[in-house]
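Residue numbers (full-length UniProt numbering), protein chains in the order written: chain F, 1 to 362; chain G, 1 to 362.
Glycine included, every Cβ here is placed at the ideal spot set by N, Cα and C.
For clarity, every value in this text was computed on a predicted model and none was experimentally measured.
Read through the structure below, which is laid out as structure tokens, and then see the notes.
Protein chains: 2
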Amino acid sequence: MKRIDIADVADIATGAALLGAGGGGDPYIGRLMVEEAIRAFGPVQLVDVDSVPDEALIVPTAMMGAPSVMVEKLPNGAEAEIALEAVETAVGKRAHAIIAPEIGGLNAMLPIVLAARRGLPLVDGDGMGRAFPELPMVTFNIFGQSISPLAISDELGNCVTVRTVDVDSAERLGRQIVVAMGAAAQICCYPMTGAEAKRSAVRGTVRLAWEIGRLLRVAREQMADPFEALLTYLPTTDYYKHCRSLFDGRIVDLRREIAQGFTVGTVEIENTAQARISIQFRNEYLVARQAGKAIVIVPDLIAILDSETASPITAEALKYGQRVRVIGISAPPILRSEAALRVVGPQAFGFTDPFQPIEEMA
Amino acid sequence: MKRIDIADVADIATGAALLGAGGGGDPYIGRLMVEEAIRAFGPVQLVDVDSVPDEALIVPTAMMGAPSVMVEKLPNGAEAEIALEAVETAVGKRAHAIIAPEIGGLNAMLPIVLAARRGLPLVDGDGMGRAFPELPMVTFNIFGQSISPLAISDELGNCVTVRTVDVDSAERLGRQIVVAMGAAAQICCYPMTGAEAKRSAVRGTVRLAWEIGRLLRVAREQMADPFEALLTYLPTTDYYKHCRSLFDGRIVDLRREIAQGFTVGTVEIENTAQARISIQFRNEYLVARQAGKAIVIVPDLIAILDSETASPITAEALKYGQRVRVIGISAPPILRSEAALRVVGPQAFGFTDPFQPIEEMA
Chain F
1 MKRIDIADVA DIATGAALLG AGGGGDPYIG RLMVEEAIRA FGPVQLVDVD SVPDEALIVP
61 TAMMGAPSVM VEKLPNGAEA EIALEAVETA VGKRAHAIIA PEIGGLNAML PIVLAARRGL
121 PLVDGDGMGR AFPELPMVTF NIFGQSISPL AISDELGNCV TVRTVDVDSA ERLGRQIVVA
181 MGAAAQICCY PMTGAEAKRS AVRGTVRLAW EIGRLLRVAR EQMADPFEAL LTYLPTTDYY
241 KHCRSLFDGR IVDLRREIAQ GFTVGTVEIE NTAQARISIQ FRNEYLVARQ AGKAIVIVPD
301 LIAILDSETA SPITAEALKY GQRVRVIGIS APPILRSEAA LRVVGPQAFG FTDPFQPIEE
361 MA
Chain G
1 MKRIDIADVA DIATGAALLG AGGGGDPYIG RLMVEEAIRA FGPVQLVDVD SVPDEALIVP
61 TAMMGAPSVM VEKLPNGAEA EIALEAVETA VGKRAHAIIA PEIGGLNAML PIVLAARRGL
121 PLVDGDGMGR AFPELPMVTF NIFGQSISPL AISDELGNCV TVRTVDVDSA ERLGRQIVVA
181 MGAAAQICCY PMTGAEAKRS AVRGTVRLAW EIGRLLRVAR EQMADPFEAL LTYLPTTDYY
241 KHCRSLFDGR IVDLRREIAQ GFTVGTVEIE NTAQARISIQ FRNEYLVARQ AGKAIVIVPD
301 LIAILDSETA SPITAEALKY GQRVRVIGIS APPILRSEAA LRVVGPQAFG FTDPFQPIEE
361 MA
């Protein structure tokens, strides 16, 4: 067991921004929210999933919607409690611990806010080992966990509880509800027992994010190369061990819009030799292509980092002219199984490219 | 107490079609559904609101959406039970009786279906004394009853439970959810106690619909004039006593579309002297104008009847070339109060015309 205190939050936020692969919402806002929550409600216990009792109720929480909107329409913290209570009422049980459905950006931080507010522990793990844009795209679903009841709440205090016959209906209905709430809302869903969490969670990802953030900060403090620190550390992890620097350049083209509740678009990056890569995103970076050929593709991670500071840049923070470095990182093996690829692989995003692990790409 | 049996259903459906003022959904489908439900589950007891215990739970149920869609996407009956169970779970109490939120068309019939399926009595009354297109437009709301929890279910078995801070948020969110479910869904909402129903219901409207249907049928059977029968009977009622024939003619223009979950448009009717009236609708007929001047306006009722049979024609069943008679009918006095007019008067529909009771119009 570890304790998340105010001094730890910035590091976790930085690491979660990297693992968010461009999505999951603005990590800076998430950092401020967690710091405020810990200041008001005290630090949060981080527990291993194995320490959770088998019959205890574990509830994932996140923002759903367009990250571009979340930046301007901040959660106040109370809406997560409303959504959690709605799930608890529907399930007939009080939550024992909170877990992140995705360890990406803001959505890695909001579970800590809720845990602090309710005085509950946070489970060290998540349902993706990164971030994805849609509700079905979590290991909880891949392992057969029902998404229902899904509670969706807004900053006004409105709360909608959704029970559906399948996860796709939950995504479809939930997305409409989120759009009606202003394209960003807080959700609690996939309520599960401790036993179920042990079976389906991607383990240890909060500590991984924390460590990534820590070593980037230390490298900067010591005037060392943060990229080197990162590319030295990731290969020592179980999940992210295949990684490499893909491209250095400047953003020369950026098409981005908010469509159907997502931040979607393409960014083009050019280097001094006039070579280019393009990266498509739907909340998250999905595929990087060079000369039309994929060089890294979902579920493997793409990170776009500021080329000076190595700060991860989310899709909604991309700007024309930014100098960036693009890094490709292997997804946790749990996401690369055949069953998982059906839900989070290239075809799930409408691409015809087959999935090819980054370590097997040229 | 009265019993609704299969032989009674057609008359109630006809009367409800008239009181639906063009909306509330296809009464023929409602009739078939009630007949099938009574055949399978037995007749339904119709009880006066005064006979309901003060602390008993009364639940209104209806279809929400575009009547044009309801005609093609029939409820199967089971979705109403799912919505009712969701409300019961949220309230923590079993329903004692069912009530119609509106005594119009299909929506006057679906509460009988649910009452039959669950073996519950139907309260003789409703929340409008007619039909209206939006959730806030009921006496339950006008008298301060909360709409939450609002449960919305579809024919697949999906169910969404909405708790909002105000009724307008429920309408806005509910409408989006209904659109996402395919523009027609079953709802249960405004759960209330017997004491609250006694305060806010428009009483006796099931029997009124029933009697209207009966006398139209008898007039036809006896080769008598059904319009005369209708215009002789309505003045003897407490609610609908001011009524008159407004226009006879043929439908010469019809603009109708499904927009944001409503059936909206305008119908123009011309008589042999080339005079015209136009009637605007949003699910229900809202205002009839002659030479630009309103001759009857919400909440007073407008009915368009087949000029031969006096069968009420709903807005989605209007056809070019139909020969029709238009009748104006006073709304129940409860809808004409200042508080009610704010919710169901001309301004609530975006008209600048003031409300003027039909009996005071030329």
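Whole-angstrom distance between residue 162/F and residue 81/G, CA atom to CA atom: 16 Å
Beta-carbon contacts of residue 5/G that lie in its chain and below 8 Å, excluding the five residues immediately before and after: 38 and 43
Any C-beta of chain F under 8 Å from that of residue 179/G: yes
Residue environment, residue 61/F, which counts as buried when at least 16 other CB atoms sit within 10 Å: buried
Residue 148/F burial status per 10 Å Cβ neighbour count (16 or more: buried): buried
Contact under 8 Å by Cβ, residue 131/F with residue 261/F: no
Beta-carbon separation (whole angstroms), residue 65/G vs residue 184/G, contact threshold 8 Å: 4 Å
Near-chain G residues of the UniProt domain "S-Me-THD N-terminal" (8-163) of chain F (beta-carbon distance less than 8 Å), N- to C-terminal order: 86, 89, 90, 156, 157, 158, 159, 160, 161, 162 and 163
Contact the stretch 264-284 of chain G vs the stretch 185-203 of chain G: 3+ CB pairs below 8 Å: no
Under 9 Å by beta carbon: chain F residues contacting residue 260/G: The premise fails here: residue 260/G is roughly 11 Å from chain F at the closest Cβ pair, so nothing lies under 9 Å.
Residue of 111/F, 286/F and 338/F minimising C-alpha distance to residue 75/F: 111/F
Straight-line gap, residue 321/F to residue 28/F (C-alpha atoms, nearest Å): 22 Å
Distance between residue 32/F and residue 88/F (C-alpha atoms, nearest Å): 27 Å
Sheet register partners of residue 254/G (DSSP bridge): 267/G
Contact under 8 Å by Cβ, residue 15/F with residue 211/F: yes
Chain-ordered neighbours of residue 347/G on chain F, where CB pairs are closer than 7 Å: Those do not exist, as residue 347/G stays about 24 Å from chain F at its closest Cβ, beyond 7 Å.
Of the listed residues 55/G, 225/G and 273/G, nearest to residue 248/G (C-alpha basis): 273/G
Per-residue contacts from residue 165/G into chain F (C-beta, under 7 Å): 156, 157 and 158
Chain F within 8 Å of residue 176/G, Cβ atoms only: yes
At least three beta-carbon pairs within less than 8 Å, the stretch 223-234 of chain F to the stretch 91-110 of chain F: no
Any chain G beta carbon closer than 8 Å to residue 173/F: yes
Uninterrupted alpha helix (DSSP H) stretches inside the UniProt domain "S-Me-THD N-terminal" (8-163) of chain G (no shorter than 4 residues): 27-41, 67-70, 78-91, 106-118 and 139-142
DSSP beta-bridge partners of residue 167/G: Residue 167/G pairs with nothing; no bridge assigned.
Beta-carbon separation (whole angstroms), residue 124/G vs residue 203/G, contact threshold 8 Å: 7 Å
Where residue 2/G sits in the DSSP three-state scheme: strand
Residues near residue 240/G by beta carbon distance below 7 Å, same chain, minus five either side: 234, 329 and 330
Cβ neighbour criterion (16 or more within 10 Å) applied to residue 343/F: buried
Residue-level contact to chain F via CB, residue 169/G, 8 Å cutoff: yes
Residue of 277/F, 144/F and 205/F minimising C-alpha distance to residue 292/F: 277/F
Whole-angstrom distance between residue 122/G and residue 35/G, CA atom to CA atom: 15 Å
Three-state secondary structure (DSSP) of residue 212/F: helix
Same chain, Cβ closer than 7 Å to residue 310/G, five either side skipped, listed in chain order: 216, 226, 227 and 230
Residue 178/F versus residue 339/G - alpha carbon distance: 32 Å
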